[in-house]
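First comes the structure, then the notes that go with it.
Numbering (the working numbering), first residue to last: 111 to 396.
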């Protein structure tokens, strides 16, 4: 294995460790790692073949390429499309369920995407798309009517805000059609996409009950922390509205409104609510 391949593995581990110690969101770590690795493989293409997954590797010592292949991309269009999916689907999903569950869904979906590819196709497989389809499937199951921004590529780009369930049904339908179309020649691993999607849904079924319980626990902690930050009578009145509001969407709107009037106790930056009170500027969490 070449020095470039060892460097790629080191980069993967570095960014995963960085995300693990909560310096950055895992989604950001994946974005950075993927783009850096793409630059390396652009200047040293043999690393692609060394770290790509091949269906013949099942049962061999090179099974580790199931993992490394998730960080490899063939060309600029390949990585751009996948990273767009990671930003518009992965990032809001990580905000919803947290980095640990996000990591479990991402990597296990990517694993089963490669297994699905190996069962029905031959040759090499690279790319993060199987893992991203897993995120899409899990997101659609856990928060079906949560709206996400979806770029639509025409002669120009327009952005639509749609429930994630509709996005999932659309893409899953396309992948199912192509996966079962004989003699497809578009060089896209539709079986991997479908395998990742199914794995993501299955993982979401397992996690959903636990995620709901955890969200309620976090929300209670956040409101207690929020109470310590208020300094005016008007802010206290808003907090009482939040505590007494029964409708989830209205309560979240009041929380967002209150946070517009409160500054981060650490850096003075703006705060937002994503299950936790978070400062975008310094990363403060409460």
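By construction, the Cβ of each residue, glycine as well, lies at the ideal position given by its N, Cα and C atoms. Everything numeric in this text was worked out from a predicted model, so none of it was measured.
Close Cβ partners of residue 164 (< 6 Å) along its chain, the five nearest in sequence each way excluded:
In the chain shown, counting from the first residue as 1, residue 164 sits at position 54. So the list reads 234, once near-sequence residues are dropped.
Go ahead and label residue 129 buried or exposed: buried means 16 or more other beta carbons lie within 10 angstroms of its beta carbon, across all protein chains shown.
What you label residue 129 is simply residue 19 of the chain shown in a count that begins at 1. With 16 or more other Cβ atoms within 10 Å, it is buried.
Residues near residue 217 by beta carbon distance below 8 Å, same chain, minus five either side:
In the chain shown, counting from the first residue as 1, residue 217 sits at position 107. 177, 180 and 241, listed in sequence order.
Close beta carbons around residue 255, own chain, < 6 Å, minus the five adjacent residues each side:
Numbered from 1 along the chain shown, position 145 holds the residue referred to as residue 255. Here the set comprises 273.
Going along the chain, which residues of its own chain have a beta-carbon closer than 7 Å to the beta-carbon of residue 306, five neighbours each way excluded?
Here residue 306 is taken as the residue at index 196 of the chain shown, counted from 1. Within the same chain, residue 306 has close Cβ partners 219, 220, 222, 223, 240, 241, 243 and 244.
Beta-carbon separation of residue 143 and residue 119 under 8 Å?
On the chain shown, position 33 is the one that residue 143 refers to. On the chain shown, position 9 is the one that residue 119 refers to. Result no, Cβ atoms of residue 143 and residue 119 do not sit closer than 8 Å.
Where residue 328 sits in the DSSP three-state scheme:
Taking the first residue of the chain shown as position 1, residue 328 is located at position 218. Its pLDDT being 49, under 50, residue 328 is placed unreliably in this model, and the value from its coordinates should be taken loosely. In the structure shown, residue 328 sits in a helix (DSSP, three-state: H, G or I).
Roughly how many whole angstroms lie between the Cα atoms of residue 131 and residue 117?
Working through the chain shown from its first residue, we reach residue 131 at position 21. Working through the chain shown from its first residue, we reach residue 117 at position 7. Taking the straight line from one Cα to the other gives about 21 Å.
Span of the alpha helix (DSSP H) holding residue 202?
Within the chain shown, numbered from 1, the residue matching residue 202 stands at position 92. Counting along the chain, the alpha helix (DSSP H) containing residue 202 begins and ends at 201-207.
Ends of the alpha helix (DSSP H) at residue 353?
Working through the chain shown from its first residue, we reach residue 353 at position 243. Where residue 353 is concerned, the enclosing alpha helix (DSSP H) stretches over 343-354.
According to DSSP, is residue 248 part of a helix, a strand, or is it coil?
As a working mapping, residue 248 is identified with position 138 in the chain shown. Correct three-state label for residue 248: helix.
Mark residue 291 as exposed unless 16 or more other C-beta atoms lie within 10 angstroms of its C-beta, in which case mark it buried.
For the purposes of this step, residue 291 is taken as residue 181 along the chain shown, with counting starting at 1. Exposed.
Distance, Cα to Cα, residue 313 vs residue 276?
Residue mapping note: residue 313 aligns to position 203 of the chain shown, counting from 1. Residue mapping note: residue 276 aligns to position 166 of the chain shown, counting from 1. If you take the alpha carbons of residue 313 and residue 276, they lie about 19 Å apart.
Check whether the Cβ of residue 392 lies closer than 7 Å to any heavy atom of the ligand PLP, and answer yes or no.
As for the ligand PLP, it is missing from this structure, which has no ligand bound.
Counting along the chain, where does the beta strand (DSSP E) carrying residue 184 start and finish?
Taking the chain shown and counting its residues from 1, one reaches residue 184 at position 74. It is not in any beta strand (DSSP E) - residue 184 carries neither H nor E in the DSSP assignment.
Could you give the first and the last residue of the continuous beta strand (DSSP E) run that contains residue 263?
Mapped onto the chain shown, residue 263 falls at position 153. Per DSSP, residue 263 belongs to the beta strand (DSSP E) from 257-263.
Can you find a CB in chain B that lies within less than 8 Å of the CB of residue 126?
The structure shown contains no chain B; it is built from a single protein chain.
In its own chain, which residues sit with a C-beta less than 8 Å from the C-beta of residue 301, not counting the 5 before and 5 after it?
For the purposes of this step, residue 301 is taken as residue 191 along the chain shown, with counting starting at 1. The answer, listed in chain order, is 226, 227, 229, 230, 231 and 289.
Helix, strand or coil: which one does DSSP assign to residue 211?
Stepping through the chain shown from its first residue, residue 211 is reached at position 101. Residue 211 falls in the helix class under three-state DSSP.
So, with DSSP's three-state summary, where would you put residue 359?
The residue you call residue 359 lines up with position 249 of the chain shown. Note: residue 359 maps to helix in three-state DSSP.
On the DSSP letters alone, give me the boundaries of the beta strand (DSSP E) that residue 272 sits inside.
The residue you call residue 272 lines up with position 162 of the chain shown. Segment 267-273, the beta strand (DSSP E) holding residue 272.
Give the range of the alpha helix (DSSP H) segment to which residue 158 is assigned.
Along the chain shown, one-based indexing puts residue 158 at 48. Per DSSP, residue 158 belongs to the alpha helix (DSSP H) from 156-161.
Cβ atoms of residue 364 and residue 352: under 8 Å apart, would you say?
Your numbering for residue 352 matches position 242 in the chain shown. Your numbering for residue 364 matches position 254 in the chain shown. The answer is yes: Cβ separation under 8 Å.
Assuming residue 315 and residue 247 form a contact by the criterion Cβ under 8 Å, report the distance between their Cβ atoms to the nearest whole angstrom.
Within the chain shown, residue 315 is the residue found at index 205, counting from 1. Within the chain shown, residue 247 is the residue found at index 137, counting from 1. No, residue 315 and residue 247 are not in contact; Cβ-Cβ is about 10 Å, not under 8 Å.
Alpha carbon to alpha carbon, how far is residue 282 from residue 260?
The count along the chain shown starts at 1 and reaches residue 282 at position 172. The count along the chain shown starts at 1 and reaches residue 260 at position 150. The alpha-carbon atoms of residue 282 and residue 260 are separated by roughly 15 Å.
Just to confirm before moving on: does the CB-CB distance between residue 191 and residue 162 stay below 8 Å?
Along the chain shown, one-based indexing puts residue 191 at 81. Along the chain shown, one-based indexing puts residue 162 at 52. No, Cβ-Cβ distance for residue 191 and residue 162 is not below 8 Å.
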